[in-house]
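A.B. asks:
2 protein chains.
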Amino acid sequence: MSPPMTPARTRNAAATRTAILEAARKRFAHEGYDQTGVREIASDAGVDAALISRYFGGKEELFGEVLSCAPNIAEFLDGDRDSFGVRVAQMLAVEPMREEKFELFLIMLRSASSPKAAEAIRRHSHDAFYQPLETWLGGDDAAVRARLLSCVMMGATMNRVIYEDYLLDSQQRQELCEALARTLDNYVSGPV
Amino acid sequence: MSPPMTPARTRNAAATRTAILEAARKRFAHEGYDQTGVREIASDAGVDAALISRYFGGKEELFGEVLSCAPNIAEFLDGDRDSFGVRVAQMLAVEPMREEKFELFLIMLRSASSPKAAEAIRRHSHDAFYQPLETWLGGDDAAVRARLLSCVMMGATMNRVIYEDYLLDSQQRQELCEALARTLDNYVSGPV
DNA sequence: GGGCCATGTCATCAGTTGGTGACTTCTAGG
DNA sequence: CCTAGAAGTCACCAACTGATGACATGGCCC
Chain A
1 MSPPMTPART RNAAATRTAI LEAARKRFAH EGYDQTGVRE IASDAGVDAA
51 LISRYFGGKE ELFGEVLSCA PNIAEFLDGD RDSFGVRVAQ MLAVEPMREE
101 KFELFLIMLR SASSPKAAEA IRRHSHDAFY QPLETWLGGD DAAVRARLLS
151 CVMMGATMNR VIYEDYLLDS QQRQELCEAL ARTLDNYVSG PV
Chain B
1 MSPPMTPART RNAAATRTAI LEAARKRFAH EGYDQTGVRE IASDAGVDAA
51 LISRYFGGKE ELFGEVLSCA PNIAEFLDGD RDSFGVRVAQ MLAVEPMREE
101 KFELFLIMLR SASSPKAAEA IRRHSHDAFY QPLETWLGGD DAAVRARLLS
151 CVMMGATMNR VIYEDYLLDS QQRQELCEAL ARTLDNYVSG PV
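Shown next, in the form of C-alpha cells:
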C-alpha cells in the first residue's frame with residue numbers, strides 16, 4: 001500500500017508496479033482471469049491501462065507474476081503438524097473468504113477455466129503447492145495423499161465460491177469444519 | 001441424435017433445437033461458459049448462430065436449458081447404497097473424463113466463475129444435486145454430510161480439470177480411488 | 001540550467017463477442 | 001397450384017477486449 005521511502009506516488013516505477021500487482025491480485029481472486037479487464041486493474045491501481053503492457057508485457061504475464069507473489073501453502077506447513085487439519089479446516093469452513101490465505105485458491109479456481117491462465121496455474125501450483133506438500137508429507141504414497149488433501153481443500157473452497165455461505169448456518173459450518181479437520185488429519189497422518 | 005419420425009434434418013425445428021442443446025452441452029462441459037461462443041455451438045450443431053437467439057432467447061437462457069437437461073446425481077443414488085463410495089470414486093478417479101456422468105460437474109466447475117452462469121448453476125445444482133442428496137442421506141446432519149460429499153466430489157473433479165491425469169500414474173490413481181471411496185462411504189454412513 | 005531518459009497519457013486499432021432484423025426458401029393446408 | 005407462415009440465411013451492429021505507438025512531462029546527472 002505505502003511505498004517505502006519514495007516521495008509521493010507519481011513518477012515512481014516501483015510503486016506503480018506494486019500497485020498494479022496488488023490490484024490485479026485482488027481482481028483475479030474475486031472475479032477470475034476472464035472477468036477481469038486490464039482497465040479495471042489499472043483503475044483500481046490508479047494508473048493508466050497502458051502501463052500494464054509496458055511493465056508486465058501483457059495481461060497474461062501479469063497473471064503469472066501475481067501467482068508468483070500470492071501467499072501459498074507454506075504458512076500451514078510451518079505450524080504444528082498435529083493441528084494441520086483444524087487450522088486448514090478453519091480457513092476452509094469458518095474464516096471469511098476475504099482472508100488473504102484464501103486468495104491463491106480463489107485465483108486458481110476462478111481462473112482455471114481460462115486456457116491462458118490454466119497453464120500458469122498448473123505450473124505454479126505444482127511448484128508452490130504440490131511439491132512442498134508432498135515433501136512435508138513424506139512417505140511412499142505422499143503423492144496420493146497430497147492429491148487427497150488437495151481434493152478436500154479445493155472442493156471446500158469451490159463450494160464456498162459457488163454457494164457462498166447461505167446454505168449452511170454457523171452451527172452446521174462448525175460441524176463441517178470438524179469433519180473436514182478429521183478427514184484432513186487422516187490423510188496427513190494415516191496411510192491412505 | 002436421431003429424430004423419431006421426421007424426414008431428414010432440414011426444416012425440423014425440434015431436431016434443430018436438440019442439436020443445439022447437444023452441441024452446447026458438450027461445449028459448455030469442455031470449455032466453460034465464457035470460453036464458448038454461440039458461433040462455435042452453432043457450428044457444431046450445423047446450424048446458423050442466429051437460431052440460438054431465436055430458439056432460446058440467448059446464450060444465457062441456453063445455458064440454463066442445458067443445465068436442466070444434463071444428467072444429474074440421480075444415477076448414483078439409485079444404485080446399491082453400500083457401493084455408493086466405490087461407484088462415485090471410480091467415476092471421479094479412474095473413468096475417463098469424457099464420460100457423460102462427468103458433464104454436469106464439468107459444466108459447473110468450468111462455468112462457475114462467470115457471473116451470468118453462476119446464478120443458474122446455484123439454482124440448478126441445489127435442485128438437482130443437493131436436495132436429492134440430502135433426502136437420500138437422511139438424518140439430522142444430512143446437510144453437512146451432503147456438503148462434505150460435495151467437497152470431495154468437486155475437489156476431485158477440479159483436480160482432474162486442472163492437472164488432467166499427468167501427475168499420477170495408474171497405480172496411484174487406483175490408490176486414490178480407494179481412499180476416496182472410503183472417505184465418501186464414511187460421510188454417507190457414519191455420523192460426521 | 002539543459003539535455004535525456006524514464007515515466008505517464010492519450011487516441012486508436014483490430015479482433016471478438018452476443019444479438020437483431022430484413023431477407024430467402026421450404027413446406028403444409030386449402 | 002398457390003399462398004401463408006414457419007424455418008433458415010445473411011449482413012450488420014454496438015459493445016467490449018487487449019494491445020500499441022505517438023506524444024507530453026517530470027526528475028536526475030552532468
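Listed in order, the protein sequences are those of chains A and B.
Mapping of the first sequence onto my numbering: position 40 corresponds to residue 40, and the numbering continues sequentially without gaps.
Mapping of the second sequence onto my numbering: position 73 corresponds to residue 73, and the numbering continues sequentially without gaps.
Virtual Cβ for every residue (Gly too), placed ideally from N, Cα, C.
1. What's the C-alpha gap between residue 10 (chain A) and residue 39 (chain A)?
2. If you follow the alpha helix (DSSP H) that residue 163 (chain B) is part of, which residue opens it and which one closes it?
3. Helix, strand or coil for residue 183 (chain B)? Go by DSSP, reduced to three states.
4. Anything in chain B within Cβ reach of residue 135 (chain A), meaning under 8 Å, just list it in chain order.
5. Do the segment 19 to 32 of chain A and the segment 63 to 81 of chain A touch if we need at least three Cβ pairs shorter than 8 Å?
6. Does DSSP put residue 10 (chain A) in a helix, a strand or coil?
7. List the residues of chain B whose Cβ lies closer than 7 Å to the Cβ of residue 163 (chain A), in chain order.
8. Could you tell me whether any Cβ in chain A is nearer than 7 Å to the Cβ of residue 70 (chain B)?
9. Apply the 10 Å Cβ neighbour rule to residue 164 (chain A) and answer buried if 16 or more other Cβ atoms are within range, or exposed otherwise.
10. Check whether the Cβ atoms of residue 124 (chain B) and residue 67 (chain B) lie closer than 7 Å to each other.
11. Could you pull out every residue in the same chain whose Cβ sits closer than 7 Å to the Cβ of residue 148 (chain A), ignoring the five residues on either side in sequence?
12. Do you know offhand how far residue 146 (chain A)'s Cα is from residue 129 (chain A)'s?
13. Do the CB positions of residue 104 (chain B) and residue 72 (chain B) come within less than 7 Å of each other?
14. Is there a C-beta anywhere in chain A that falls below 7 Å from the one on residue 147 (chain B)?
15. Give the straight-line distance between the Cα atoms of residue 101 (chain A) and residue 53 (chain B), rounded to the nearest whole angstrom.
16. Are residue 113 (chain A) and residue 155 (chain B) closer than 7 Å when you measure CB to CB?
17. Buried or exposed for residue 13 (chain B), going by 16 or more other Cβ atoms inside 10 Å?
18. Can you list the residues of chain A that residue 150 (chain B) reaches, using a CB-CB cut of under 8 Å?
19. Going by Cα to Cα distance, which pick from A:175, A:122, A:115 and A:16 is closest to residue 140 (chain B)?
20. If you draw a straight line from the C-alpha of residue 16 (chain A) to the C-alpha of residue 127 (chain A), how long is it?
21. Against chain A, which members of the segment 80 to 99 of chain B pass a CB distance test of less than 7 Å?
22. Relative to the alpha-carbon of residue 48 (chain B), which residue among B:20, B:69 and B:185 has its alpha-carbon at the smallest distance?
23. Would residue 170 (chain B) pass as an interface residue toward chain A - the criterion being a Cβ-Cβ separation below 7 Å?
24. Could you pull out every residue in the same chain whose Cβ sits closer than 7 Å to the Cβ of residue 118 (chain A), ignoring the five residues on either side in sequence?
25. When we look at the beta-carbon of residue 46 (chain A) and count the other beta-carbons within 10 Å, is it buried (16 or more) or exposed?
26. How about residue 152 (chain B) and residue 172 (chain A): do their beta carbons lie closer than 7 Å?
27. Quick one, which of B:162, B:121 and B:90 has its alpha-carbon nearest residue 69 (chain B)'s?
28. Please report the straight-line C-alpha distance between residue 92 (chain A) and residue 82 (chain A), rounded to a whole angstrom.
29. Using CA coordinates, which residue listed in A:166, A:162 and A:150 is at the minimum distance from residue 161 (chain B)?
30. How many angstroms separate the CA atom of residue 3 (chain B) from the CA atom of residue 36 (chain A)?
31. Roughly how many whole angstroms lie between the Cα atoms of residue 6 (chain B) and residue 41 (chain A)?
32. Express the C-alpha separation of residue 94 (chain A) and residue 79 (chain A) in angstroms, rounding to a whole number.
33. So residue 88 (chain A) packs on residue 168 (chain A), CB below 8 Å; how close in whole Å?
C.D. replies: On the basis of the data shown:
1. Going by the C-alpha atoms only, they are around 19 Å apart.
2. 142 to 163 is the extent of the alpha helix (DSSP H) around residue 163 (chain B).
3. Looking at residue 183 (chain B) - three-state DSSP - the assignment turns out to be helix.
4. Simply none; closest approach about 15 Å.
5. Yes, since at least three Cβ pairs between the segment 19 to 32 of chain A and the segment 63 to 81 of chain A fall closer than 8 Å, the two stretches touch.
6. Here residue 10 (chain A) sits in coil by DSSP.
7. Neighbours of residue 163 (chain A) on chain B, chain order: 122.
8. With 7 Å as the cut-off, residue 70 (chain B) does not count as an interface residue toward chain A.
9. Under this definition residue 164 (chain A) is an exposed residue.
10. Remark: C-beta atoms of residue 124 (chain B) and residue 67 (chain B) approach each other more closely than 7 Å.
11. Within its own chain, the residues whose Cβ lies closer than 7 Å to the Cβ of residue 148 (chain A), once the five positions on either side in sequence are excluded, are 187 and 192, listed in chain order.
12. If you take the alpha carbons of residue 146 (chain A) and residue 129 (chain A), they lie about 9 Å apart.
13. Contact flag set, yes.
14. Closer than 7 Å to some Cβ of chain A, the Cβ of residue 147 (chain B) qualifies, so yes.
15. Roughly 42 Å between the two C-alpha positions.
16. Not closer than 7 Å, so no.
17. An exposed status is given to residue 13 (chain B), since fewer than 16 other beta-carbon atoms sit within 10 Å of its beta-carbon.
18. Simply 155 and 159.
19. Taking only the C-alpha atoms, the option nearest residue 140 (chain B) is A:175.
20. Each residue's alpha carbon lies about 28 Å from the other.
21. Per Cβ criterion, the list is empty.
22. When C-alpha distances from residue 48 (chain B) are compared across B:20, B:69 and B:185, the shortest belongs to B:20.
23. Under the 7 Å criterion on CB atoms, residue 170 (chain B) is classed as non-interfacial with respect to chain A.
24. Taken in chain order, the residues that qualify are 112.
25. Classification of residue 46 (chain A): exposed, given that the 10 Å Cβ count is below 16.
26. Taking 7 Å as the Cβ cut-off, residue 152 (chain B) and residue 172 (chain A) do not qualify as a contacting pair.
27. Nearest of B:162, B:121 and B:90 to residue 69 (chain B), Cα basis: B:121.
28. Between residue 92 (chain A) and residue 82 (chain A), the C-alpha separation is close to 17 Å.
29. With distances taken between Cα atoms, residue 161 (chain B) lies closest to A:150.
30. For residue 3 (chain B), the pLDDT reaches just 35, beneath the cut-off of 50, and the residue's location in the model is therefore unreliable, although a value from the coordinates is still provided. Rounded to the nearest angstrom, the two C-alpha atoms are 42 Å apart.
31. Summary for residue 6 (chain B): the model assigns pLDDT 37, below 50, so the residue's position carries little reliability; its value from the coordinates is reported in the next sentence. Spanning the two alpha carbons is a distance of roughly 53 Å.
32. Whole-angstrom Cα-Cα distance: 19 Å.
33. About 18 Å; that fails the 8 Å criterion.
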